[in-house]
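Working notes, structure below.
Number of protein chains: 2
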Amino acid sequence: MSKPAIIAPGGRIGILGGGQLGRMLAMAAAELGLNCHIYCPDAEASAMDVASHATRAAYDDADALARFADSVDVVTYEFENVPAETARILAEHAPVRPGVVALATAQDRIVEKNFLSSHNIATAPYADVADEAALLKAVAEIGTPSILKTRRFGYDGKGQAKIASPADALAAYDAIGRAPAILEGFVPFELEISVIVARGIDGEIAAYDPVENIHKDHILDRSFAPARIDKGLADEARAIAAHIVADLDYVGVMGVELFVLREGTAGPRLLVNEIAPRVHNSGHWTQDACHVSQFEQHIRAICGWPLGSPERHCDAVMENLIGDDVDGWAALAAEPATALHLYGKAEARPGRKMGHFTRLYPFGSAPHTIR
Amino acid sequence: MSKPAIIAPGGRIGILGGGQLGRMLAMAAAELGLNCHIYCPDAEASAMDVASHATRAAYDDADALARFADSVDVVTYEFENVPAETARILAEHAPVRPGVVALATAQDRIVEKNFLSSHNIATAPYADVADEAALLKAVAEIGTPSILKTRRFGYDGKGQAKIASPADALAAYDAIGRAPAILEGFVPFELEISVIVARGIDGEIAAYDPVENIHKDHILDRSFAPARIDKGLADEARAIAAHIVADLDYVGVMGVELFVLREGTAGPRLLVNEIAPRVHNSGHWTQDACHVSQFEQHIRAICGWPLGSPERHCDAVMENLIGDDVDGWAALAAEPATALHLYGKAEARPGRKMGHFTRLYPFGSAPHTIR
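In the order they appear, the protein sequences are chains A and B.
At the far end of the first sequence sits residue 372, using my numbering, and the numbering has no gaps.
At the far end of the second sequence sits residue 372, using my numbering, and the numbering has no gaps.
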């Protein structure tokens, strides 16, 4: 393997995954004169529509993975559940950014929480649930309400079950298929926020302003930029995110989700909920409200370019178009200060992310009322 | 031919031409959930790298043109020199937007000037030069200095020769290959400006703020947004552009180049230099300084969508990267408020447009000093 550390215009980026994140990464790369090779097993993969090269093969097809990685200057991914063996094969043929340590950390909730705890970053109380006995012990220790989550492959609320009282514990364990799990104490948060942070190959770090996230049916519904928190707390959130990417020797964009707690008369405090080693749905507003979007930022980072400014030039509210929400496209297209982004997916299945839109507002004037 | 008037997300746009304008149109379409089919004879056509479908065939290949137009919901183009017969074939199979009248008008300098004059839009003095006798008569009438230009296929200063004194006339005629030509009186302009205007299928019109253009070696070098003109003149320039697209029953984005003259003690006045029935190099700044770029605006117009707001959220200076200018990419990428756009072209030949960058400034603070 002889690949350049810095990938100049004309270079090629390999992207694992052909969904909307891969698609928006490919378009950001194209704007910088870089071309992309999308690797995805799915019959429909709309990222391939905007990339110069595509491979449709399984994530465990060692030959196809090797050919793919040989054809590109760097490999990145749009989802954290890249199998370890897949990452290992790819890394033999091209740099994988973010690296395999970040991937291994973020794809297992226990490894992630242990990493955060060992770096003195506060999280919700948690316990490893390897079997039924461990579950009962964990419920006794952490108490209820609490949430049982599979260690791996959970997203958008999948692989999760709430435990309202100790009597629910076994039903919850059954509900998640008795998979290796984590029990997390319920956190009475006031806000959910996230920070999109990037780290370059030289260690440079840039973090966007924290945003406030509202979920609906466990799927991100809206992100408000900026979050309704004071500057001190926003700086603290950015510092935590910077701490995480530095400690992981990370290269690329990461999404860091945090809870804001306000307990009694003490000031608010932050807990990290989870990290995503990739561009993140709660950073889509950066496309329209910042000089450099999270997608361009990720491409810059993995190509060894200087990071772009994360400066925000207006307030913004991003809202997802889930399933047949997308049928409202024409009304959104008629709004004067709304940027519409559709993902080119053919079928609007329930729960499927079909697009998003970002409403832009002068500084200080974005609404925060939940409709 | 049965094609929808309004092209919904999922629809397909045919684009004639595979250069940077087609590429940026294809990316703008993809953001709106539309996909593109690029038709281009060139071996290298970087627009194909970001489009789902591509045909590499000659512009006079009637079968390939018919198949191409059958496969799409609407046809548009990135250059005005689409042969009339090509346009006629395409129009039998799909709507062509902007339409064939606009194309015929803009691709012949005499037809264009006659159109403008007949609609009471001021231009430089001009005369049709069909042969040597007509040339000598035209030089006598219009005087010198004047400029002899081929009626067709001129761009970036190609097909032009200056006539400094009547004695130069025949040499100039030889220089342009004695092609059918137009003689234009030299205009002592103070500024060159342009307006990017769009018209929807329902007649809605939206014009961006006029910009000031600086050329180098007959190629656009820089565009300053906004132009250094007062609001009254800017409104007049926008009104002229609106007048033109309305009179042509135009659909899509048009670039209108104008001269600002200041003669004696009278106020400034505007002459139209030329029109381009397509997205225009002097509108690239809209990608980074406006809610909706000229590329998205063109896609909206030809798909029958409502036009986007042309509002500008900052000042901007766009500069082209010609030939090996592009070698400066790394320094530009390190500038915090600079958006870099590279076109994915392999070879940086002299005079070739390889990319552009747009420096963004708070309102009122863009520089206007010519470096």
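Don't be surprised by glycine CBs; every beta carbon is placed ideally from N, CA and C.
Within the DSSP bridge table, the entry for H54 (chain A) names A:H38 as partners. Residue pairing by DSSP puts C291 (chain B) in a beta bridge opposite B:R313.
Contact annotation for D50 (chain B) against chain A: A31, N36, A52, S53 [CB-CB distance below 8 Å, chain order].
Residues of the region 294-327 of chain B with a C-beta less than 8 Å from any C-beta of chain A: R301, W306, P307, G309, S310, E312, H314, C315, V327, listed in chain order. Per DSSP, the beta-bridge partners of R360 (chain A) are A:V318, A:T339.
At a cut-off of 9 Å between beta carbons, W286 (chain B) makes no contact with chain A. The criterion of a C-beta distance shorter than 9 Å is satisfied by L91 (chain B) and F69 (chain B). The region 53-106 of chain A is shown to contain whole alpha helix (DSSP H) runs of 4 or more residues at 63-71, 85-94, in chain order. A direct Cα-Cα distance of roughly 21 Å separates I206 (chain A) from L272 (chain A). One alpha carbon belongs to K232 (chain B), the other to A226 (chain A), and they sit about 33 Å apart. Contacts between Y362 (chain B) and chain A, judged by CB atoms closer than 9 Å, are missing: the closest CB pair is about 11 Å apart. Secondary structure at N282 (chain B): helix, using DSSP grouped into helix, strand and coil. Taking C-beta separations shorter than 7 Å and ignoring five residues to either side along the sequence, the partners of M319 (chain A) in its chain run R223, S224, H285, W286, H357, T359, following chain order. For the region 2-13 of chain A, the beta-carbon criterion of a distance under 9 Å to any beta-carbon of chain B is satisfied by I7, A9, P10, G11.
The shortest CA-to-CA distance from A52 (chain B) to any of B:V83, B:A44, B:I16 is the one to B:I16. For the C-beta of L22 (chain B), not a single chain A residue is nearer than 7 Å; the gap to the nearest is close to 14 Å. Note on geometry: alpha-carbon atoms of A65 (chain A) and A58 (chain A) lie some 7 Å from one another.
When DSSP states are grouped into helix, strand and coil, E264 (chain A) belongs to the coil group.
Residue burial annotation: H369 (chain A) is exposed, with fewer than 16 other C-beta atoms found within 10 angstroms of its C-beta. Contact with chain A is absent for L271 (chain B), since none of that chain's Cβ atoms lies less than 9 Å from the residue's Cβ. Note on I241 (chain A): 16 or more other CB atoms within 10 angstroms of its CB, so buried under the neighbour-count rule. Across the set B:V97, B:A349, B:I183, B:E45, the C-alpha of B:E45 shows the shortest separation from the C-alpha of G20 (chain B).
Here R110 (chain A) really is in contact with R152 (chain A); their C-beta atoms are around 5 Å apart, less than 8 Å. Nearest to P189 (chain A) by alpha-carbon distance, out of A:P337, A:P211, A:P126, A:N115, is A:P126. Annotation: the continuous beta strand (DSSP E) that includes H216 (chain B) extends over 212-217. Taking 3 residues as the shortest admissible run, the region 106-153 of chain A contains the following complete beta strand (DSSP E) segments, listed from N- to C-terminal end: 127-130, 147-151.
At least one CB atom of chain B sits nearer than 9 Å to the CB of Y344 (chain A). Within the model, the alpha-carbon separation for E86 (chain A) versus D61 (chain A) is close to 8 Å. Of the candidates B:A103, B:A30, B:W306, B:A27, the residue whose Cα lies closest to the Cα of M255 (chain B) is B:A103. With a 10 Å radius around the Cβ and a threshold of 16 neighbouring Cβ atoms, R89 (chain B) comes out exposed.
Note: K232 (chain A) is not bridge-paired with any residue in the DSSP secondary-structure output. By the CB criterion at 9 Å, V212 (chain B) and S310 (chain B) fall outside the cutoff.
Taking 9 Å as the cut-off, the Cβ atoms of V140 (chain A) and A107 (chain A) do not count as close.
Contacts between L117 (chain A) and chain B, judged by CB atoms closer than 9 Å, are missing: the closest CB pair is about 31 Å apart. Following the DSSP letters along the chain, one finds E32 (chain B) inside the alpha helix (DSSP H) bounded by residues 21-32.
With a threshold of 16 other beta carbon atoms within 10 Å, N121 (chain A) falls short and is exposed.
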